[in-house]
Amino acid sequence: MPYYRSVGEVPRKRHTQFRQPDGSLYAEELMGQEGFSSDSSLLYHRHAPTAILAADEFTPPAFTRAPNLPLKPRHLRTHKLDAGGADPILGRQYLLANDDVRIGYVLAGRPSPLFRDATGDHCLYVEAGTLRVESPFGALDAVAGDYVVIPTSTIHRLVPTGDQPVRLLTVEATGHIGPPKRYLSVRGQFLEHSPYCERDVRGPDVPLLVDGEEVEVLVRHRRGWTRYVYANHPFDVVGWDGHLYPWAFSIHDFEPITGRIHQPPPVHQTFQGPNFVICSFVPRKVDYHPDSIPVPYNHHNVDSDEMLFYTGGNYEARRGSGIEQGSISLHPSGFTHGPQPGAAERSIGADYFDELAVMVDTFRPLDLCDAARTCEDEGYAWTWARR
Ligand SMILES: [Fe+2]
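Reminder that position 137 of the sequence shown reads as 137 in full-length UniProt numbering, one-by-one numbering, no gaps.
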């Protein structure tokens with residue numbers, strides 16, 4: 001995250017003596033990316049962040065992946081998955097995945113265990129409900145419409161905080177997720193043409209200062225999962241500073257870029273990850289050329305699989321296709337997709353689209369996971385044919 005933040009107590013100079021009230025040293029921890037050559041933060045713990053008492057192999061809930069065969073556009077109804085009361089990490093139902101990214105959905109009603117994903121960053125999108133993300137950096141509260149980015153290896157716990165379960169679309173990268181490079185200056189400031197900027201970004205504000213001994217943390221790492229028992233609670237940090245921390249950003253703060261004629265999806269780009277992008281389609285004025293057709297033309301982005309999560313309003317181009325709140329469409333490479341029959345004609349003259357959707361475009365094919373098969377609308381592929 002290109003935004004310096006300082007929370008709680010930190011010493012004036014890094015890597016110098018910083019003492020607790022009893023005279024002992026705080027334990028300094030640097031958490032940084034790309035081998036000390038990219039963003040990092042320095043955290044000050046009351047106890048050693050290295051002290052583990054036990055390590056055991058852990059078996060996470062299993063899921064399968066299979067190629068999209070026969071190659072078809074797919075419609076997944078995530079609300080059919082409702083298990084209710086699941087934990088927001090181990091209860092995720094994976095839908096689409098490749099080696100770069102895993103996309104899942106969860107309806108969560110209870111706190112997760114403490115968890116560290118050492119394989120990549122997570123981007124959570126809150127469809128409904130409220131969520132608290134606790135970590136050594138502090139707490140970060142999220143509401144419907146928020147994206148939350150959790151950096152690789154941040155030990156965290158997700159806590160649904162409302163009366164109702166929280167609905168999350170989860171995007172787990174094998175690598176780092178951040179703002180598109182073209183939105184940033186060489187020194188990391190959001191540029192004027194970026195659809196969002198530092199004022200829209202939120203981070204943890206105060207340390208959690210949790211006490212506790214013999215605390216279990218589940219770690220997903222590059223070769224499997226391990227359950228550690230830490231001697232002390234990892235949220236014992238008194239202060240930290242740097243550019244690396246969990247952060248949130250509301251889709252409602254994404255300022256749409258519009259034009260006289262149809263603007264292509266890159267104007268909606270919100271994040272970039274390894275071999276994928278995330279875009280936000282938000283309510284906006286639409287194309288104002290007198291002869292414009294506001295819905296998209298038929299298109300084949302030949303190098304991408306395109307996943308779209310419909311999270312509010314009416315998605316004009318999909319009217320009549322069965323797409324509903326919580327639907328996911330997958331339009332894979334190898335298939336030309338476009339508006340449903342009649343949508344182009346119907347959109348002429350519209351000056352505003354009330355739609356809210358999150359798109360993930362992947363540069364490598366997405367496999368279908370078992371949960372996708374259980375909530376698939378099998379008729380979707382045939383909805384463009386007038387028969
Ligand atoms: Fe598309």
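All residues carry an ideal CB built from backbone N, CA and C; glycine is no exception.
Q. Who are the near neighbours of Asp99 in its chain, counting only those whose CB is closer than 8 Å to its CB and skipping five residues on each side?
A. Thr174, Arg364
Q. Considering only C-alpha positions, which residue in the set His289, Val237, Tyr310, Gly259 is nearest to Gly138?
A. Val237
Q: Give the C-beta separation of Ala108 and Pro160 to the nearest angstrom, bearing in mind that I take them to be a contact with Cβ-Cβ under 8 Å.
A: 5 Å
(Q) Let me check one thing: in DSSP terms, what residues is Ser327 bridge-paired to? (A) Arg77
Q.
Counting C-beta neighbours from all protein chains within 10 Å, is the total for Leu191 16 or more, i.e. buried, or is it exposed?
A. exposed
Q. How would you label Gln269, buried or exposed, when you count the other beta carbons within 10 angstroms and need 16 or more for buried?
A. buried
Q) For the alpha helix (DSSP H) that Ser135 lies in, which residues bound it at each end? A) Ser135 -> not in any alpha helix (DSSP H); beta strand (DSSP E) instead, spanning 131 to 135.
Q) Among all residues, which have a Cβ less than 7 Å from at least one non-hydrogen atom of ligand 1, and in what chain order do they fall? A) Pro265, Pro296, His299, Asn301, Glu306, His331, His337
Q: Determine the direct distance from the alpha carbon of Gly104 to that of Leu96, and round the result to whole angstroms.
A: 7 Å
Q: To the nearest angstrom, report how far apart Gly242 and Pro256 are at their CA atoms.
A: 30 Å
Q | Sufficient close CB pairs (3 or more, under 8 Å) joining the stretch 357 to 373 to the stretch 274 to 288 | A | yes
Q: Note down, in chain order, each residue of its chain lying with its Cβ closer than 7 Å to the Cβ of Arg319, except the 5 sequence neighbours on either side.
A: Gln340, Ala343
Q | Outcome for Trp382 when other beta-carbon atoms lying within 10 angstroms are tallied against a minimum of 16 | A | exposed
Q. With C-beta atoms as the reference, is His299 less than 8 Å away from His337?
A. yes
Q: Name, in chain order, the residues that DSSP records as bridge partners for Gln272.
A: Gly178, Val277
Q: Pull up the CB-CB distance for Gly178 and Phe271, whole angstroms please, since I reckon it's below 8 Å.
A: 6 Å
**Q.** Proximity of Leu308 and Phe58 at Cβ, strictly below 8 Å
**A.** no
Q: Whole angstroms is fine: what's the gap from Lys285's alpha carbon to Ser333's?
A: 29 Å
Q. In this structure, what does DSSP give as the bridge partners for Tyr352?
A. Lys285
Q) Are Tyr3 and Val201 closer than 8 Å when you measure CB to CB? A) yes
(Q) Can you tell me which residues form a DSSP beta bridge with Asn232? (A) Glu213
Q.
Quick check: what's the CA-CA separation for Val267 versus Arg182?
A. 11 Å
Q.
Pull the bridge partners of Gln93 from the DSSP assignment, please.
A. Tyr105
Q) If you draw a straight line from the alpha carbon of Thr226 to that of Ala118, how long is it in whole angstroms? A) 11 Å
Q. Shortest alpha-carbon distance to His79 belongs to which of Tyr310, Glu316, Ser41?
A. Tyr310
**Q.** 8 Å CB neighbourhood of Pro246 in its chain, flanking five on each side removed
**A.** Val133, Ser135, Phe137, Leu140, Val148, Val149, Ile150, Pro151, Thr154, His156, Gly203, Pro204
Q: Measuring alpha carbon to alpha carbon, tell me which of Lys13, Gly85, Asp305 ends up nearest Asp163.
A: Gly85
**Q.** For Glu345, the first and last residue of its enclosing alpha helix (DSSP H)
**A.** 343 to 347
Q. Considering only residues of the same chain and omitting the five flanking positions on each side of Asn314, which have a CB-CB separation below 7 Å?
A. Asp354, Glu355
Q | N- and C-terminal bounds of the alpha helix (DSSP H) containing Arg373 | A | 370 to 374
Q.
Quick check on this structure: which residue in Thr258, Asn301, Val106 has the alpha carbon closest to the alpha carbon of Pro283?
A. Thr258
Q. What number of angstroms, rounded off, separates the C-alpha of Ser347 from the C-alpha of His289?
A. 13 Å
Q | Of the residues Tyr228, Ser194, Ala231, the one placed nearest Asp253, counting alpha carbons only | A | Ser194
**Q.** Where residue 407 sits in the DSSP three-state scheme
**A.** Residue 407 is absent from the structure shown; the chain starts at 1 and stops at 387.
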